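Colleague: Pasting a structure here, questions to come.
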Amino acid sequence: MSSLRNAIKRVTHKERAQPTARKHLGLLEKHSDYKQRANNFHKKEKRIKALNERAHNRNPDEFYMAMNSSQVDAKTGQHKKTDAALLREVRSCEERTTNSEERSDD
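In full-length UniProt numbering, the protein residues as written are 1 to 106.
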């Protein structure tokens, strides 16, 4: 009998439109729209919180050898490679590619 009960046509509930008096406020936000916006907001919030935590736990005395061949950008505080360091890196990449080509020819 339950199959007959399920076969009965039911009324589809339609989402209501924005009332005329509130048309100036724009479209009425549906629950699915709110949920999507809320999830997006919370995802961004978590990402910002994680980045803040990471910045808070950062060790200012941390040192890497690559810092010897770089300069600190005054605006951002980021290490940028000097021209000489970039040239050395390009040359080493070129040497590696020529060495790998020579090996593949054998």
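Each residue gets a CB set at the ideal place from its N, CA and C atoms; glycine is no exception.
Predicted, not measured: the structure shown is a model, and the values here were computed from it.
Return the Cβ separation of K81 and D73 in integer angstroms, given the expectation that the two are a contact with Cβ distance under 8 angstroms.
Modeller: Wrong, their Cβ atoms sit about 11 angstroms apart, outside the cutoff.
Colleague: Taking the C-alpha atoms as reference points, what is the distance between Y34 and A50?
Modeller: Approximately 24 angstroms between the Cα atoms of the pair.
Colleague: Give me the Cα-Cα distance between P60 and G77, rounded to the nearest whole angstrom.
Modeller: 12 angstroms
Colleague: Over what stretch of residues does the alpha helix (DSSP H) that includes H42 continue unbroken?
Modeller: H31 to H56
Colleague: The beta strand (DSSP E) with S2 in it runs from where to where?
Modeller: Element bounds for S2: not the beta strand (DSSP E) but the alpha helix (DSSP H), S2 to A7.
Colleague: Measuring straight from C-alpha to C-alpha, what distance separates E53 and R5?
Modeller: 56 angstroms
Colleague: Could you spell out where the beta strand (DSSP E) holding H79 opens and where it closes?
Modeller: H79 to K81
Colleague: Given this structure, state the Cα-to-Cα distance separating S3 from T12, to the nearest angstrom.
Modeller: 19 angstroms
Colleague: Given this structure, state the Cα-to-Cα distance separating A85 from E101, to the nearest angstrom.
Modeller: 24 angstroms
Colleague: Specify the secondary structure class of V11 as computed by DSSP and reduced to three states.
Modeller: coil
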